[in-house]
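Asks: Pasting in a structure now, in structure tokens, and then I'll have a few things to ask.
2 protein chains.
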Amino acid sequence: MKVTINDIVKATGLSYVTVSKAMRNHPSVKDENRKKVMDAMKALGYVPSAAARTLVTGKTYVIAVMISELGDGFYDDIIEALNREFFKRGYLVTLHMCKKDDQENIAFLEQKRVDGVILMAPYKEVLFARVLEEQKVPYLIMDHQTRDSQPYTILSDNQQGGYMAVKYLLDLGFRRIGLIGGEATSLATKERYKGAVKALEELGFQTDNTAYGQYDQPTGYQTVQKWIEQDRIPQAIFAFDDHIALGTINGLKDCGLKVPEDVSVIGYDDSPMANQYTPKITSIRQPAQAMAKKAVEVMIDLLAGGEKPTQNTKLPPSLCIKESTHLFK
Amino acid sequence: MKVTINDIVKATGLSYVTVSKAMRNHPSVKDENRKKVMDAMKALGYVPSAAARTLVTGKTYVIAVMISELGDGFYDDIIEALNREFFKRGYLVTLHMCKKDDQENIAFLEQKRVDGVILMAPYKEVLFARVLEEQKVPYLIMDHQTRDSQPYTILSDNQQGGYMAVKYLLDLGFRRIGLIGGEATSLATKERYKGAVKALEELGFQTDNTAYGQYDQPTGYQTVQKWIEQDRIPQAIFAFDDHIALGTINGLKDCGLKVPEDVSVIGYDDSPMANQYTPKITSIRQPAQAMAKKAVEVMIDLLAGGEKPTQNTKLPPSLCIKESTHLFK
DNA sequence: TTGAAAGCGGTACCAA
DNA sequence: TTGGTACCGCTTTCAA
Chain A
1 MKVTINDIVK
11 ATGLSYVTVS
21 KAMRNHPSVK
31 DENRKKVMDA
41 MKALGYVPSA
51 AARTLVTGKT
61 YVIAVMISEL
71 GDGFYDDIIE
81 ALNREFFKRG
91 YLVTLHMCKK
101 DDQENIAFLE
111 QKRVDGVILM
121 APYKEVLFAR
131 VLEEQKVPYL
141 IMDHQTRDSQ
151 PYTILSDNQQ
161 GGYMAVKYLL
171 DLGFRRIGLI
181 GGEATSLATK
191 ERYKGAVKAL
201 EELGFQTDNT
211 AYGQYDQPTG
221 YQTVQKWIEQ
231 DRIPQAIFAF
241 DDHIALGTIN
251 GLKDCGLKVP
261 EDVSVIGYDD
271 SPMANQYTPK
281 ITSIRQPAQA
291 MAKKAVEVMI
301 DLLAGGEKPT
311 QNTKLPPSLC
321 IKESTHLFK
Chain B
1 MKVTINDIVK
11 ATGLSYVTVS
21 KAMRNHPSVK
31 DENRKKVMDA
41 MKALGYVPSA
51 AARTLVTGKT
61 YVIAVMISEL
71 GDGFYDDIIE
81 ALNREFFKRG
91 YLVTLHMCKK
101 DDQENIAFLE
111 QKRVDGVILM
121 APYKEVLFAR
131 VLEEQKVPYL
141 IMDHQTRDSQ
151 PYTILSDNQQ
161 GGYMAVKYLL
171 DLGFRRIGLI
181 GGEATSLATK
191 ERYKGAVKAL
201 EELGFQTDNT
211 AYGQYDQPTG
221 YQTVQKWIEQ
231 DRIPQAIFAF
241 DDHIALGTIN
251 GLKDCGLKVP
261 EDVSVIGYDD
271 SPMANQYTPK
281 ITSIRQPAQA
291 MAKKAVEVMI
301 DLLAGGEKPT
311 QNTKLPPSLC
321 IKESTHLFK
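Have a look at this one:
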């Protein structure tokens, strides 16, 4: 049979209420009794019923994280950090993958099984946001990709990242710099582009070549192949993520060009794959830890009934110099 | 305020019980009344409290999937299929990433917030299995990597996959075939190796060269580089997953060898990246859909109080021929 | 510091 | 078909 609070009551001889308080570390319980309760809990293998608790308190102590794709090393880090940080504060995290069929996920959100939701760039952030708005479930968006305003969001400063990447290439002495981005409509793409242009303009330069595609290897691969065919390959390339960078490097290799000897390449995300490769890819690292910490902080505020912060948070990325870039000669 | 069943009672003029039955589609309710209840639910935006239901029924209608890494296209497919299949039967799925800190996840499992658990090769399947055993939570293991017996598991037939891969290479005319595997201790590695050897032995051959490492790109990259240095590069290589295959192809390229012209390479998993690349990687595809369906079926049985099946399920993989292999000449 | 009693929102048995 | 009623397991006033 299931062990309930009653068994603890019997085992300790204390009252119902005292036991309940003791397990929640309520101050008004004698240490002696608290210990008695703790011991009985251990001995009987008692675990309080989450459902019963939720029923009376109205809180689940669960936070849901909705995520669109798993393959990303960047998200991996964030999720791990979220897990850890929320746990410290008594919350559990459940993950939900939303690729196409959202009905499962919407059903989940509607059932109020969680206290709060973090939207991590799911394909339909707007749809989910609407459901959550209706259900009055606190939520926030991380790394969003559609509009730049409305709900409260946490992201890394993509414009600054783009700036850093190109500034670094310029500092190395390159002047003809090519840009290869993912989806042109995504916010990350736009911002990284803006930053890149800014760095160039500061020194009175323009981009040499710009192409868009998807955030995947073929985009990088095909773009450089095309550039080479047209004989307008830049001295250095800023790929808007590591997948593109990898494709770029391979495209160059396949045409007999060496990285970084002939062309320098810088990526974005500093994902694990950026280091699994020859050459290791110089990349812009997004502050996953900091973003996760901020998200937890904001969420806890929201759960405490705090107002939504009006300003979005942008955290600064950093430059990880590795082997795919070197001084222009 | 929150909408409860009471509001529906008031709105419809029916009794508590009738309303409760109506929403659960209990047969003993007049269609007319059922409709009345449904309409009121819609109108008031009523969603039954999962917690209250759980408290009385003892069921949560949630299945947890514990997963160790996100980056894998194979898992992606399985999870999507699990989501869909479970939803059809009234269950919701929550995902849990367990990389290092397992305390969060163990806490989750102990709280009986889910009716059943699917372990997808988390680093510590044995640890989790023990907790679940203790808590008497039904669980099953998919694609497990440690011992080959004990708890009920569902996996694809890795031996057959290994056999298919090498058989295909042999059929193409190759005789000197190299094998590059991931962790030598993992079950998948061992089985794929067994299958590969079997195919070779059937024709009276032996493996030309075998190396182990991790399931990542550097393993493939470094292995072929070493083989080339030692001047013992095989005619064709069976890489035990697509990451290794990709590394292998790049290692060959960097040494001036062409794939498939000089060396044929076959991978495993047929992950998205196998197709994002030049050449597209010929690969063994694991039956994700079938595995997910089987898992759901078994889990539903388990939840209904069925005994654990004693036999493990092994589902057959299939061969996806693409561009990284061609006839030996 | 302790405890009695009133729910939290539903379900299920059983009688009407 | 319908409805009364006893819980499910725990928290939370409020009085002792």
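Line order of the protein sequences matches chains A and B.
Position 247 of the first sequence, counting from 1, maps to 247 under the working numbering, and the rest follow consecutively.
Position 98 of the second sequence, counting from 1, maps to 98 under the working numbering, and the rest follow consecutively.
Each residue gets a CB set at the ideal place from its N, CA and C atoms; glycine is no exception.
The structure presented is a predicted model; accordingly, all values stated were derived computationally and were not measured.
If I'm right that Ile266 of chain A touches Tyr168 of chain A with Cβ under 8 Å, what's the distance once you round it to whole angstroms?
Replies: Working through the first sequence from its first residue, we reach residue 266 of chain A at position 266. Working through the first sequence from its first residue, we reach residue 168 of chain A at position 168. Indeed they touch by this definition, with Cβ atoms about 7 Å apart.
Asks: On the DSSP bridge assignment, give the partners of Cys320 of chain B in chain order.
Replies: Within the second sequence, residue 320 of chain B is the residue found at index 320, counting from 1. Bridge partners of Cys320 of chain B: B:Ser283.
Asks: What residues in its chain sit with their C-beta under 8 Å from that of Thr189 of chain B, if we drop five residues either side in the sequence?
Replies: Within the second sequence, the letter at position 189 stands for residue 189 of chain B. For Thr189 of chain B, where only same-chain residues beyond five positions count, the Cβ hits under 8 Å are Gly181, Gly182, Glu183, Tyr212 and Phe240.
Asks: Compare the C-alpha of Gln217 of chain B against each of B:Asn275, B:His243, B:Tyr193 and B:Asp7 and name the closest.
Replies: As a working mapping, residue 217 of chain B is identified with position 217 in the second sequence. Ranking B:Asn275, B:His243, B:Tyr193 and B:Asp7 by Cα distance to Gln217 of chain B puts B:His243 first.
Asks: For the candidate residues A:Glu69, A:Ile8, A:Gln111 and A:Lys21, whose alpha-carbon lies nearest to that of Gly58 of chain A?
Replies: Translated into positions along the first sequence, residue 58 of chain A becomes position 58. Closest option to Gly58 of chain A, Cα to Cα, is A:Gln111.
Asks: Short of 8 Å in beta carbon distance, which residues of its chain neighbour Lys280 of chain B, apart from the five on each side in sequence? Order them along the chain.
Replies: Position 280 of the second sequence, counted from the start, is the residue given in the question as residue 280 of chain B. If we look at Lys280 of chain B and ignore the five residues flanking it on each side, its Cβ neighbours are Ala274, Lys322, Glu323 and Ser324.
Asks: Run through DSSP, which three-state label would Leu155 of chain B get?
Replies: Along the second sequence, read from residue 1 onward, the residue named residue 155 of chain B stands at position 155. Residue state, collapsed to three classes: strand.
Asks: Quick one: what does DSSP say Gly267 of chain B is sitting in, helix, strand or coil?
Replies: One-based indexing of the second sequence puts residue 267 of chain B at position 267. In the structure shown, Gly267 of chain B sits in a strand (DSSP, three-state: E or B).
Asks: Under a CB-based cut-off of 9 Å, is Leu132 of chain B close to chain A?
Replies: To locate residue 132 of chain B, count along the second sequence from 1; it is residue 132. No, Leu132 of chain B does not count as interfacial toward chain A.
Asks: What are the residues in the stretch 79-91 of chain B lying within 7 Å of chain A by C-beta distance?
Replies: Listed by position along the chain: Ile79, Glu80, Asn83, Arg84 and Phe87.
Asks: Report the residue from B:Thr12, B:Arg84 and B:Gly161 whose alpha carbon sits nearest the alpha carbon of Pro287 of chain B.
Replies: Along the second sequence, one-based indexing puts residue 287 of chain B at 287. Looking at the Cα atoms, B:Gly161 is the closest of the given residues.
Asks: Based on DSSP bridge pairs, tell me the residues matched to Thr146 of chain B.
Replies: Counted from its first residue, the second sequence places residue 146 of chain B at position 146. Paired residue(s): none; Thr146 of chain B is not in a bridge.
Asks: Per DSSP, which one or two residues make a beta bridge with Phe165 of chain B?
Replies: For the purposes of this step, residue 165 of chain B is taken as residue 165 along the second sequence, with counting starting at 1. In the sequence on display, residue 165 of chain B carries Ala and not Phe. Answer by DSSP bridge pairing: none, since Ala165 of chain B is not bridged.
Asks: Excluding the 5 residues flanking Val56 of chain B on each side, which residues of the same chain have their C-beta closer than 6 Å to its C-beta?
Replies: Taking the first residue of the second sequence as position 1, residue 56 of chain B is located at position 56. Around Val56 of chain B: no qualifying Cβ.
Asks: Which residues in chain B sit within 7 Å of Gln276 of chain A, going by Cβ to Cβ distance?
Replies: In the first sequence, the residue the question calls residue 276 of chain A occupies position 276. What Gln276 of chain A touches in chain B: Asp216, Gln217 and Pro218.
Asks: Just grab the DSSP bridge partners of Ile141 of chain A for me.
Replies: Walking along the first sequence from the start, residue 141 of chain A turns up at place 141. Bridge partners of Ile141 of chain A: A:Leu119 and A:Thr153.
Asks: Are the Cβ atoms of Val62 of chain A and Met120 of chain A separated by less than 9 Å?
Replies: Start at 1 with the first residue of the first sequence, and residue 62 of chain A comes out as number 62. Start at 1 with the first residue of the first sequence, and residue 120 of chain A comes out as number 120. For Val62 of chain A and Met120 of chain A, no; Cβs fall outside 9 Å.
Asks: Which bits of chain B does Asp7 of chain A rub up against, with CB to CB less than 8 Å?
Replies: Here residue 7 of chain A refers to the residue found at position 7 of the first sequence. Within chain B, no residue comes near Asp7 of chain A; the closest Cβ sits about 15 Å away, beyond 8 Å.
Asks: Please give me, in chain order, every unbroken run of the beta strand (DSSP E) with length at least 3 that falls completely inside the stretch 61-107 of chain A.
Replies: Counting only runs of 3 or more, we get 62-67 and 92-97.
Asks: List, in order along the chain, the chain B residues whose C-beta lies closer than 9 Å to that of Ala52 of chain A?
Replies: Residue 52 of chain A sits at position 52 when you count from the first residue of the first sequence. Within chain B, the residues near Ala52 of chain A are Ala51, Thr54 and Leu55.
Asks: Taking Pro138 of chain A and Met299 of chain A to be in contact with their CB atoms under 8 Å, please state how far apart those CB atoms are, rounded to whole angstroms.
Replies: On the first sequence, position 138 is the one that residue 138 of chain A refers to. On the first sequence, position 299 is the one that residue 299 of chain A refers to. Correct: roughly 7 Å between the Cβ atoms.
Asks: Can you list the residues of chain B that Val263 of chain A reaches, using a CB-CB cut of under 7 Å?
Replies: Start at 1 with the first residue of the first sequence, and residue 263 of chain A comes out as number 263. Within 7 Å Cβ-Cβ: nothing; Val263 of chain A doesn't reach chain B, min ~16 Å.
Asks: Nearest to Gly90 of chain B by CA position, among A:Ile118, A:Asp262 and A:Phe108, is which residue?
Replies: Mapped onto the second sequence, residue 90 of chain B falls at position 90. Considering only alpha carbons, the answer is A:Phe108.
Asks: Below 8 Å on the Cβ atoms is my guess for Gly251 of chain B versus Tyr221 of chain B; work out the distance and round it to an integer in Å.
Replies: By 1-based counting over the second sequence, the position of residue 251 of chain B is 251. By 1-based counting over the second sequence, the position of residue 221 of chain B is 221. Indeed they touch by this definition, with Cβ atoms about 4 Å apart.
Asks: Please check the pair Asp102 of chain A and Lys124 of chain A, which I expect to be a contact at CB under 8 Å, by giving their CB distance rounded to whole angstroms.
Replies: Position 102 of the first sequence holds residue 102 of chain A. Position 124 of the first sequence holds residue 124 of chain A. That pair is a contact at about 6 Å.
Asks: Starting from the beta carbon of Ala107 of chain A, find every residue of chain B whose beta carbon is closer than 9 Å, and list them in chain order.
Replies: Walking along the first sequence from the start, residue 107 of chain A turns up at place 107. Simply Phe87 and Leu92.
Asks: Does the Cβ-Cβ distance between Thr18 of chain A and Asn33 of chain A come in under 9 Å?
Replies: Residue mapping note: residue 18 of chain A aligns to position 18 of the first sequence, counting from 1. Residue mapping note: residue 33 of chain A aligns to position 33 of the first sequence, counting from 1. Contact flag set, yes.
Asks: Does Pro48 of chain B have its Cβ less than 9 Å from a Cβ in chain A?
Replies: Along the second sequence, one-based indexing puts residue 48 of chain B at 48. At least one chain A Cβ lies under 9 Å of Pro48 of chain B.
Asks: May I have a chain-ordered list of the alpha helix (DSSP H) segments no shorter than 4 residues that lie completely inside the stretch 218-263 of chain B?
Replies: Complete alpha helix (DSSP H) runs here, min 4: 242-254.
Asks: Return the chain-ordered list of same chain residues with a C-beta closer than 6 Å to the C-beta of Ser318 of chain B, the five sequence neighbours on each side being excluded.
Replies: What you label residue 318 of chain B is simply residue 318 of the second sequence in a count that begins at 1. For Ser318 of chain B, where only same-chain residues beyond five positions count, the Cβ hits under 6 Å are Arg285.
Asks: Judging by CA-CA distance, which residue of A:Thr207, A:Leu140, A:Asp115 and A:Cys255 is the nearest neighbour of Thr342 of chain A?
Replies: What is shown of chain A runs 1 to 329, which leaves residue 342 of chain A out entirely.
Asks: Under 9 Å, Cβ to Cβ, is there at least one residue of chain B near Lys100 of chain A?
Replies: As a first step, residue 100 of chain A is located in the first sequence; it is residue number 100 there, counting from the start. Yes, contact with chain B.
Asks: Could you tell me which residues DSSP pairs with Gly181 of chain B in its beta bridges?
Replies: The residue you call residue 181 of chain B lines up with position 181 of the second sequence. Gly181 of chain B is bridged to B:Tyr212.
Asks: Name the chain A residues that come within less than 9 Å of Arg24 of chain B, Cβ to Cβ?
Replies: Mapped onto the second sequence, residue 24 of chain B falls at position 24. Per Cβ cutoff of 9 Å: no residues; Arg24 of chain B is ~15 Å from chain A at best.
Asks: Helix, strand or coil for Thr4 of chain A per DSSP?
Replies: On the first sequence, residue 4 of chain A is found 4 positions in, with the first residue counted as 1. Thr4 of chain A falls in the coil class under three-state DSSP.
Asks: Which residue from B:Leu187, B:Gly178 and B:Asp231 puts its Cα closest to that of Leu200 of chain B?
Replies: Along the second sequence, one-based indexing puts residue 200 of chain B at 200. The candidate whose alpha carbon is nearest that of Leu200 of chain B is B:Gly178.
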